[in-house]
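Here is the structure we will look at, set down as structure tokens.
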Amino acid sequence: MDLGEVNHQRIKTNGVWLHVVEKGSGPLVLLLHGFPEFWYSWRHQITFLATHGYHVVAPDLRGCGDSDSPLSPSSYTVLHLAGDLVGLLDYFGEQQAFVVGHDWGAVLGWHLSLLRPDRVKGLMALSVPYFPRDPVAKAIESFRERFGDGFYISQFQEPGRAERAFARYDYLTVMKKFFLINKTDLLVAPGGMEIIDHLQTPAVLPPWITEEELQVYADKFEESGFTGALNYYRAMDLNWELSAPWQGAKVTVPTKCIVGDKDIGFDAYRTREYVRGDTFKGLVPDLEVVILEGHHFIHEERAHEVSQEILTFLQKLSVE
């Protein structure tokens, strides 16, 4: 698709160089991508929001795209990532920004809102609601106990393991396997199988993404490799340790959470009950939940609807 004129630049923040794409002028909107993505996943939203009066900034988060990729998983905690974003706000001279995040970008948005609510005007979280920290069990220990070694996050822990498994396929096939998941149950491979081998490669693409668009992702990950993106998963236990001081804290910024009704684990994780229930609302008091028909990459699959939901949310907060 034609993005028109966008500005690419690299910004030094928190000790790393981040590549960002920006367009438009007005209140600052940060668009935060997930896995396996980079700024390009927001191609449908960038021009749309810019033409409606917003300064849109879509960074390649550390470890992804054309941004720096520190080698150690310990450099990918939510504290590092939140620090990167605070640095971006400072660079653009903004005290606050609207934050829109998908997948890991949503996790980062939740934590930025938790750690620095003074810098977040409003949060839009796509596909991943806020889950409170377990006061007892570390994340990976809990996943292994509940889902075993076949669970994709369990398999992503060992440095090099997933990279070696992915390397058995060309990059375009890896992208198809992740982007076109259409199952709603847990991502768990049978015993002795790697998750990438378990995922199907659909013969026919859905109407919301083209072979050429998937190739853009494939080409970028061929340049960057997967280690930086996988390090987000490898820092999960360290996140658990570092976030202990915020145990029981609430996310107080105005928030809209959008999830697809066919997202991975939406029913298997009991996410449907959770996002509709009182526990989630208790943790995020100023919350609106929207459930759309769709899968995980909801901002691409239902691009126009999601763009409209974002715009409505931003406009509502802009006049308050």
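In UniProt numbering, the protein residues as written are 1 to 320.
A virtual CB, placed ideally from N, CA and C, is assigned to each residue, including glycine.
> Quick one: what's Arg10 bridged to in DSSP?
Replying inline: His19
> What do you get for Ala239, buried or exposed, if any count of 16 or more other CB atoms within 10 angstroms of its CB means buried?
Replying inline: The sequence shown places Asn at residue 239, rather than the Ala named in the question. Label assigned to Asn239: buried.
> So is Asn182 buried or exposed if we call it buried at 16+ other beta carbons inside 10 Å?
Replying inline: exposed
> Expressed to the nearest angstrom, what Euclidean distance is found between the alpha-carbon atoms of Leu230 and Phe156?
Replying inline: 7 Å
> Is Gly101 closer than 8 Å to Leu18 when the C-beta atoms are compared?
Replying inline: no
> Quick one: what's got a C-beta closer than 8 Å to His296's C-beta in the same chain, skipping five residues either side?
Replying inline: Asp103, Ser127, Ile181, Gly260, Asp263, Ile264
>> Within a Cβ cutoff of 7 Å, which residues of the same chain sit near Phe179, ignoring the five residues on either side of it in sequence?
In response: Correct list, in chain order: Ile209, Leu214, Phe297.
> Tyr233: which of Thr255, Pro59, Gly63 sits nearest, CA to CA?
Replying inline: Gly63
>> Using C-beta distances below 7 Å, list every residue in its chain close to Val251, excluding the 5 sequence neighbours before and after it, in chain order.
In response: Trp110, Ser113, Leu114, Tyr130, Leu283, Val284
>> I believe Leu314 touches Pro254 by the beta-carbon criterion, under 8 Å. Please report the beta-carbon distance rounded to the nearest angstrom.
In response: Contact between Leu314 and Pro254 is ruled out by a C-beta separation of about 10 Å, above the 8 Å threshold.
> Is the beta carbon of Leu3 less than 8 Å from the beta carbon of Phe92?
Replying inline: no
> With C-beta atoms as the reference, is His44 less than 8 Å away from Ala303?
Replying inline: yes
>> Taking the alpha carbon of Asp185 as the reference point, which residue from Ser69, Gln96, Leu311, Phe266 has its own alpha carbon closest?
In response: Phe266
> So does the segment 168 to 176 actually touch the segment 134 to 150, counting three or more Cβ pairs closer than 8 Å?
Replying inline: Verdict: no, contact absent.
> Using a Cβ-Cβ cut-off of 6 Å (strictly less than) and excluding sequence neighbours within five positions of Met175, which residues of its own chain qualify?
Replying inline: Leu214, Tyr217, Ala218
> The alpha helix (DSSP H) spanning Met175 covers which residue range?
Replying inline: 171 to 179
>> Using a Cβ-Cβ cutoff of less than 6 Å, which residues in the same chain neighbour Leu123 once the five nearest sequence positions on both sides are dropped?
In response: Val99, Gly109, Ser113, Val253, Thr255
> Among the residues of its own chain, which have a CB less than 6 Å from the CB of Phe221, if the five just before and after it don't count?
Replying inline: Contacts found: Tyr171.
> Excluding sequence positions up to five away, which residues of its chain have a Cβ less than 6 Å from the Cβ of Gly34?
Replying inline: Taken in chain order, the residues that qualify are His102, Asp103, Trp104, Gly105.
>> Please return the same chain residues whose Cβ sits closer than 6 Å to the Cβ of Leu30, not counting the five positions on each side in sequence.
In response: Val57, Ala97, Val99
>> Using only the alpha-carbon positions, how far apart do Pro245 and Phe280 sit?
In response: Those two C-alpha atoms are separated by around 20 Å.
>> Closest to Glu107 by C-alpha separation, out of Lys121, Gly160, Pro132, would be which residue?
In response: This sequence places Val at residue 107; Glu is not what is there. If we check each option's Cα against that of Val107, Pro132 comes out closest.
> Near Val290, what residues of its chain come up, given a Cβ to Cβ distance below 8 Å and the 5 sequence neighbours on each side ignored?
Replying inline: Lys256, Cys257, Ile258, Val259, Glu309
>> Taking the beta strand (DSSP E) that Glu288 belongs to, which residues open and close that run?
In response: 287 to 292
> By a C-beta neighbour count over all protein chains shown, 10 Å radius and 16 as the cutoff for buried, is Leu287 buried or exposed?
Replying inline: buried
> Could you check where the beta strand (DSSP E) with Thr51 kicks off and where it finishes?
Replying inline: Unbroken run through Thr51 is the alpha helix (DSSP H), 43 to 51; no beta strand (DSSP E).
>> Distance check for Ile153 and Asp237, CA to CA, integer angstroms please.
In response: 11 Å
> How many Å lie between Gly24 and His55 at the Cα?
Replying inline: 5 Å
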